[in-house]
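Be aware that the sequence shown starts at 1, since it is given in this note's numbering, and climbs by one per residue.
Beta carbons: idealized from backbone N, C-alpha and C, even for Gly.
Just so you know, these numbers come straight off a predicted model, no measurement behind them.
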Amino acid sequence: MTAPTRVSVPTRTSADLIRAEEPVVAHNYHPLPVVVARAEGTWVEDVEGRRYLDMLAGYSALNFGHRHPALIEAAHRQLDQLTLTSRAFHNDRLAEFAERLAELTGLDMVLPMNTGAEAVESAVKVARKWAYDVKGVPDGQATIVVAAENFHGRTTTIVSFSTDETARSGFGPFTPGFRIVPYDDLAALEAAVDETTAAVLIEPVQGEAGVVIPAPGYLAGVRELTRREGCLFIADEIQSGLGRTGRTFAVEHEDVVPDMLLLGKALGGGIVPVSAVVARREVLGVLHPGEHGSTFGGNPLAAAVGTAVIDLLRTGEFQRRAAALGVVLRDGLAELVGDGVVGFRARGLWAGVDIDPTIGTGREISERLMREGILVKDTHGSTIRLAPPLTVTEEELRSALAALKRVLAA
Ligand SMILES: Cc1ncc(COP(=O)(O)O)c(C=O)c1O
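What follows is the structure, encoded as structure tokens:
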């Protein structure tokens, strides 16, 4: 018997696919005009076979690169065994995932969820419950202090405490109970905290705001203040965590252990959505059966991939790479200051780069870089962010910096 002949089906071009999305996909994003069809490691390939260096890494969801062999293998193995039970039953993968994650974070208990926003929502609920059950805040009066320019997700409660009008406008009424203070301002934080405060919720580095890094001492100050005032410190490490900044968690740069750590993005290895609230036992212990949940939270496929992610992090290799290559990134960007770059902030393999606005908006620079085979994403105005997979090589990183230099000089 002869092997069946492969009939080549006429495929749609990138332009066809972009046009086809327009009437049927909600316009809540404005993607760069590239249609990715395949990817491996730090490289993606479009429908026509053009290759691009991925310098965004799925907003840090792809810290280990596209289709890391160990993660793909873990997913395949689990797909052949069991994918979902719901939490109505136990599954044989959840305990190991939670044990490893508790060990990695130095905390006690894990609340497994799926997306980052869900982890944040869950943390808000847990903090409020802790305030009522443990701290003794009168029912309905708990407050949570957050930072201006934050990004914690897109649900109605989360946008209630956003300061980004585009994210909020048209979506009210909003959830009360949040106080907003300037980021990186301990005095303002101290003034906002009182006996009703359940928690202070901040990003150790504000990613979406343009990779804004607080002054040395801020994170340690938040830790000290929250401990002294008897409220919880919730660190949203959904983007900053899991190796990105050169440490496993960005709070480690100041030797801080928060009461609650929120993880997502890279925890799913770029394969499945996996997020988690990790906390001390007396904090997560406030939840009882029926009070919170999610059908997919802690599913065996997510737990298997999440466990494999933790195994990769336990080697320390990715943190070391991010720290070492972070120096290359920082030095490369420093050379561009005055030549099209007006400023930048970098920690590990993560940088927010402010482009001279007379050269172009962040979007325009991103489009020009795309034509040079480099994929990045703008944040606000003329700022672009660079966050390659932590598997990026020095040569690849230098080629991205060279492309940026060419684009800025053009
Ligand atoms: C710090 C932070 N928290 C929460 C989220 C929300 O995550 P998700 O998009 O998975 O809901 C993000 C996403 O960018 C984030 O950067």
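* **Extent of the continuous alpha helix (DSSP H) to which PRO182 belongs** => Within the sequence shown, residue 182 is the residue found at index 182, counting from 1. Premise fails: PRO182 is in no alpha helix (DSSP H) and is neither H nor E.
* With LEU311 as the anchor, note down where its alpha helix (DSSP H) starts and where it stops. => For the purposes of this step, residue 311 is taken as the residue at position 311 of the sequence shown. Before going on, a small fix: residue 311 reads as Asp here, not Leu. Run containing ASP311: 300-314, per the alpha helix (DSSP H) assignment.
* **PHE344 (DSSP reduced to helix, strand or coil)** => On the sequence shown, position 344 is the one that residue 344 refers to. Reduced to three states, the DSSP call for PHE344 is strand.
* To do: Check each candidate in ALA61, GLY373, GLY338 and PRO388 and name the one with the smallest Cα separation from ALA409.
  => Locating residue 409 in the sequence shown gives position 409, where the first residue counts as 1. If we check each option's Cα against that of ALA409, GLY338 comes out closest.
* To do: Inspect the beta-carbon positions of VAL256 and LEU201 and report whether they are closer than 8 Å.
  => Taking the sequence shown and counting its residues from 1, one reaches residue 256 at position 256. Taking the sequence shown and counting its residues from 1, one reaches residue 201 at position 201. Taking 8 Å as the Cβ cut-off, VAL256 and LEU201 do not qualify as a contacting pair.
* Assign PHE318 to buried or exposed, taking buried as 16 or more other Cβ atoms, counted over all protein chains shown, within 10 Å of its Cβ. => Taking the first residue of the sequence shown as position 1, residue 318 is located at position 318. With 16 or more Cβ atoms within 10 Å of its Cβ, PHE318 is classed as buried.
* May I have a chain-ordered list of the alpha helix (DSSP H) segments no shorter than 4 residues that lie completely inside the region 11-64? => 14-24 and 57-60
* Asked: What three-state label does DSSP hand ILE359 in the structure shown?
  -> Here the question's residue 359 lines up with position 359 in the sequence shown. Residue state, collapsed to three classes: coil.
* Counting pairs of beta carbons, one from the region 178-186 and one from the region 230-246, are three or more of them closer than 8 Å? -> no
* Straight-line CA distance for THR13 to VAL47? -> For the purposes of this step, residue 13 is taken as the residue at position 13 of the sequence shown. For the purposes of this step, residue 47 is taken as the residue at position 47 of the sequence shown. When rounded, the distance between both Cα atoms is 6 Å.
* **CB of LEU71 within 8 Å of CB of GLY298, strictly** => Here residue 71 refers to the residue found at position 71 when the sequence shown is read from its first residue. Here residue 298 refers to the residue found at position 298 when the sequence shown is read from its first residue. Their beta carbons are not under 8 Å apart, which means LEU71 does not touch GLY298 by this criterion.
* Asked: Does the beta-carbon of VAL25 have 16 or more other beta-carbons within 10 angstroms, so that it is buried, or is it exposed?
  -> Indexing the sequence shown from 1 puts residue 25 at position 25. Per the 10 Å Cβ criterion, exposed.
* Asked: Can the beta-carbon of VAL342 be found closer than 8 Å to that of ASP331?
  -> The residue given as residue 342 occupies position 342 in the sequence shown. The residue given as residue 331 occupies position 331 in the sequence shown. No; because the gap between Cβ atoms is not below 8 Å, this pair is not in contact.
* Work out the CA separation of LEU263 and THR245 for me, nearest whole Å. => The residue given as residue 245 occupies position 245 in the sequence shown. The residue given as residue 263 occupies position 263 in the sequence shown. For THR245 and LEU263, the distance between alpha carbons rounds to 14 Å.
* Thinking GLY177 and THR143 are a contact (beta carbons under 8 Å), I'd like their distance in whole angstroms, please. => Residue mapping note: residue 177 aligns to position 177 of the sequence shown, counting from 1. Residue mapping note: residue 143 aligns to position 143 of the sequence shown, counting from 1. Contact holds; Cβ gap of about 6 Å.
* Asked: Around the C-beta of LEU390, are 16 or more other C-beta atoms found within 10 angstroms, so that it is buried, or is it exposed?
  -> To locate residue 390, count along the sequence shown from 1; it is residue 390. Looking at its Cβ environment, which holds 16 or more other Cβ atoms inside 10 Å, LEU390 is buried.
* **Assumed close pair ARG280, LEU107 - CB separation to whole angstroms, cut-off 8 Å** => The residue labelled residue 280 in the question sits at position 280 within the sequence shown. The residue labelled residue 107 in the question sits at position 107 within the sequence shown. Yes, ARG280 and LEU107 are in contact; Cβ-Cβ is about 6 Å, under 8 Å.
* HIS76 by DSSP, collapsed to three states: which one? -> Position 76 of the sequence shown, counted from the start, is the residue given in the question as residue 76. Note: HIS76 maps to helix in three-state DSSP.
* To do: Would you decide whether MET1 is buried or exposed? Buried here means 16 or more other CB atoms lie within 10 Å of its CB.
  => In the sequence shown, counting from the first residue as 1, residue 1 sits at position 1. The predicted position of MET1 is uncertain, since its pLDDT is 48 and thus under 50; no value can be drawn from it.
* Residues near ligand 1, criterion Cβ-heavy atom distance below 6 Å -> TYR59, THR115, GLY116, ALA117, VAL120, PHE151, HIS152, GLY153, GLU203, GLY207, GLU208, ASP236, ILE238, GLN239 and GLY264
* Asked: Can you check whether the CB of PRO273 is closer than 8 Å to the CB of ASN114?
  -> On the sequence shown, position 114 is the one that residue 114 refers to. On the sequence shown, position 273 is the one that residue 273 refers to. Yes, the Cβ-Cβ distance between ASN114 and PRO273 is below 8 Å.
* **GLY153 beta carbon less than 8 Å from that of VAL120** => Translated into positions along the sequence shown, residue 120 becomes position 120. Translated into positions along the sequence shown, residue 153 becomes position 153. Taking 8 Å as the Cβ cut-off, VAL120 and GLY153 qualify as a contacting pair.
* Quick one, which of GLY348, LEU32 and MET260 has its alpha-carbon nearest GLU427's? -> Given that the chain is displayed from residue 1 to residue 410, the structure contains no residue 427 and the question cannot be resolved.
* Asked: Quick one: Cα of ARG19 to Cα of VAL34, how far?
  -> Along the sequence shown, one-based indexing puts residue 19 at 19. Along the sequence shown, one-based indexing puts residue 34 at 34. ARG19 and VAL34: Cα-Cα distance of roughly 12 Å.
* Asked: Identify the residues that DSSP records as bridge partners of THR143: which are they?
  -> The sequence position of residue 143 within the sequence shown is 143, counting from 1. Answer is THR197, bridged to THR143.
* Less than 8 Å separating the beta-carbons of GLY348 and GLY326? -> Here residue 348 corresponds to residue number 348 of the sequence shown, with the count starting at 1. Here residue 326 corresponds to residue number 326 of the sequence shown, with the count starting at 1. It is a contact, given that the beta carbons lie within the stated cut-off.
* Asked: Out of PRO112, ASN91 and GLY270, which has the shortest C-alpha to C-alpha gap to LEU101?
  -> Residue 101 sits at position 101 when you count from the first residue of the sequence shown. Residue PRO112 is the option with its Cα nearest to LEU101.
* To do: Note down the Cα distance separating THR379 from GLY362, rounded to an integer number of angstroms.
  => Counting from one through the sequence shown, the residue named residue 379 turns up at place 379. Counting from one through the sequence shown, the residue named residue 362 turns up at place 362. If I take the Cα positions, the gap works out to 7 Å.
* To do: Leaving aside the five residues before and after GLU203 along the sequence, list all residues of the same chain whose C-beta is less than 6 Å from its C-beta, in chain order.
  => Locating residue 203 in the sequence shown gives position 203, counting from the first residue. Answer for GLU203: ASP236, listed in chain order.
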